[in-house]
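Q: Attaching a single structure in structure tokens format; questions to follow.
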Amino acid sequence: MLTGGGTAGHINPALAIAKYIRQRQPSARILFVGATGGMEEKLVTQAGFELKTYRVSGILRSFSPKAIVKNVRAMALLVSAMRNAGKLVDEFKPDIVIGTGGFASFPAVKSAAKRGIPTLVHESNVMPGKTNRQLAACCTHVLLASEDTLKFFPQKEKCIVTGNPLRDGMEFSGRAEAKASLGIEGPLVYSAWGSLGARDMNKMTAGLFALEQKHGSTFRHIHSTGASGYKWMPDLVRELGVDLEKCPNIDMREYVFDAPTVMTAADLVLCRAGAMTVSEVCATGTPAIIVPSPYVADDHQRYNARSLSDRGAAVYLEEADATPEKVFELINSLLGDPERLEDIRNKALGMAVFDAVERIYDIICKYAG
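If you're matching positions, the sequence shown starts at -16 in the numbering used here and goes up one per residue.
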């Protein structure tokens, strides 16, 4: 049984684990458990796995009247979810339960631990989420993406550093080969800001396009707006005087479906600091300008970004400082310094963990017989 939800950063590691289990043991029975109405309803079912859900809600860290009312309702939902999770555990009879974070994972992992079933929680961020910190006391092991996370868990004897499972195709296979497969010559910049807090960074990128057009930049720029950004960003780009038809070096898309290849081919990536993004930057050895989102719980993206930048494996930039002019200057400075790019690339690759899913699978087999 795998459980987690709320964001893709919680769901995708669980999917990577499930796919690897199915690859190694096709007869394995796999059940996902998540929140009703959560992103997992789309991602898990699209991946072809069975999903059961219950209603849960996060707790607001405030004592305002509105927050108190919401938290009372959330606690009532938690009591109901614990009952439903217990029934699911009793019916499915899992050999092991693996939680990958988000409040949706709490009821299933807690219910399994109460029944003496082996339980694992996987923490993909450097700063652990509240749910995983709470579950650490009752689970069998805590699996960590980074050694930097050890200091946040008093139960160090339970912690095992495994790395983050990577999605299919996300591995360093050669920049020249990846670039050739895309038919791209010369420097390539790839930017994507995710969904949380992407609006301001998409606005910054529109301004960056204007500077690229004005100065006739020599690098190719592929940008993923995301579904929300694609509804308004093309209009903003036109308002700024950018004619994409006359700027062949600018390629603005709603989604980049071949993201593993594009990231591998890129000479530089502009991105947020979600746990999986950071892991993929390392796995592809792509030099990155990382702008952590200030809108996430516990400011965890700042910790993720610092884990790279403090080791020279990425360039750190605060969102408040990420103006089009500053970013344009930084891009040109980095692209004009091949030795620095190579140093960043080597340090990022040095932090990569390519066999995380195999490590996790071995632990699962140990406890699931």
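Quick reminder that beta carbons are idealized off the backbone N, C-alpha and C, glycines included. Bear in mind the structure is a predicted one, so any value in this text is a computation, not a measurement.
How would you call F46, buried or exposed, if buried means at least 16 neighbouring beta carbons within 10 angstroms?
A: Note on F46: under 16 other CB atoms within 10 angstroms of its CB, so exposed under the neighbour-count rule.
Q: Output the boundary residues of the beta strand (DSSP E) element that contains G82.
A: 80 to 82
Q: Tell me whether T(-14) sits in a helix, a strand or coil according to DSSP, three-state version.
A: strand
Q: By Cβ distance below 6 angstroms, which residues in the same chain neighbour M334 in space, the five residues on each side in sequence not counted?
A: C265, A296
Q: According to DSSP, is V252 part of a helix, a strand, or is it coil?
A: strand
Q: What residues match up with D234 in a beta bridge as DSSP calls it?
A: I205
Q: Can you tell me which of the three DSSP states C348 falls into?
A: C348: helix per DSSP, three-state reduction.
Q: Run through the DSSP bridge pairs and tell me what Q142 is partnered with.
A: Position check: residue 142 holds Cys in this sequence, whereas Gln was assumed. In the DSSP output, where bridge partners are listed per residue, C142 has V125.
Q: Thinking C-beta only, is N147 closer than 7 angstroms to A128?
A: It is a contact, given that the beta carbons lie within the stated cut-off.
Q: Along the chain, where does the beta strand (DSSP E) containing F15 start, and where does it finish?
A: F15 -> beta strand (DSSP E) spans 14 to 18.
Q: Along the beta strand (DSSP E) that carries A271, what are the first and last residues, could you check?
A: 271 to 273
Q: Less than 6 angstroms between C-beta atoms, sequence neighbours within five positions excluded: which residues of the same chain meet that for E23?
A: Residues of the same chain with a CB within less than 6 angstroms of the CB of E23, apart from the 5 flanking positions on each side, are G(-12), I(-6), G17 in chain order.
Q: Let me check understanding here. Comparing Cα to Cα, which of V80, P9, Y37 lies closest to V125?
A: V80
Q: Please name the residue, chosen from G112, E130, T83, that lies closest to L103 on a Cα-to-Cα basis.
A: T83
Q: Can you tell me whether DSSP reads S276 as helix, strand or coil?
A: coil
Q: Can you tell me the Cα-Cα spacing of I272 and D226, whole angstroms?
A: 26 angstroms
Q: Report, in whole angstroms, the separation of the C-beta atoms of D73 and A351, which I expect to be a contact under 8 angstroms.
A: Wrong, their Cβ atoms sit about 17 angstroms apart, outside the cutoff.
Q: Nearest to I100 by CA position, among N108, S107, A91, E106, is which residue?
A: A91
Q: Can you tell me where the beta strand (DSSP E) holding K229 begins and where it ends?
A: Per DSSP, K229 belongs to no beta strand (DSSP E) and is neither H nor E.
Q: Can you give the beta carbon distance from L318 to D218, rounded, assuming they're within the 8 angstroms contact cut?
A: With a Cβ gap of about 29 angstroms, L318 and D218 do not count as contacting.
Q: Starting from V172, follow its DSSP beta bridges and name the residues at the other end.
A: H204, L251
Q: Just confirm the distance between the C-beta atoms of L191 and V310, as a whole number of angstroms; I'd bet it's less than 8 angstroms.
A: 6 angstroms
Q: If you draw a straight line from the alpha carbon of G224 to that of F202, how long is it in whole angstroms?
A: 19 angstroms
Q: Compare the C-beta of K162 with all C-beta atoms of chain C and state if any pair is closer than 7 angstroms.
A: The structure shown contains no chain C, having only a single protein chain.
Q: Quick check: the stretch 48 to 66 against the stretch 25 to 33, are at least 3 beta-carbon pairs closer than 8 angstroms?
A: As far as the Cβ criterion goes, the stretch 25 to 33 does not touch the stretch 48 to 66, which means the pair count is below three.
Q: Tell me whether the beta-carbon of A(-1) lies closer than 7 angstroms to the beta-carbon of I13.
A: no
Q: What is the rounded straight-line gap between the Cα of A256 and the Cα of T208?
A: 16 angstroms
Q: So, are the CB atoms of A175 and C230 less than 7 angstroms apart?
A: no
Q: Would you please state the rounded distance, in angstroms, between the beta carbons of K35 and L(-15)? I believe it to be under 8 angstroms.
A: Wrong, their Cβ atoms sit about 11 angstroms apart, outside the cutoff.
Q: In the DSSP output, what is V359 paired with across the bridge?
A: As displayed, the chain neither begins before -16 nor continues past 352, which places residue 359 out of reach and without an answer.
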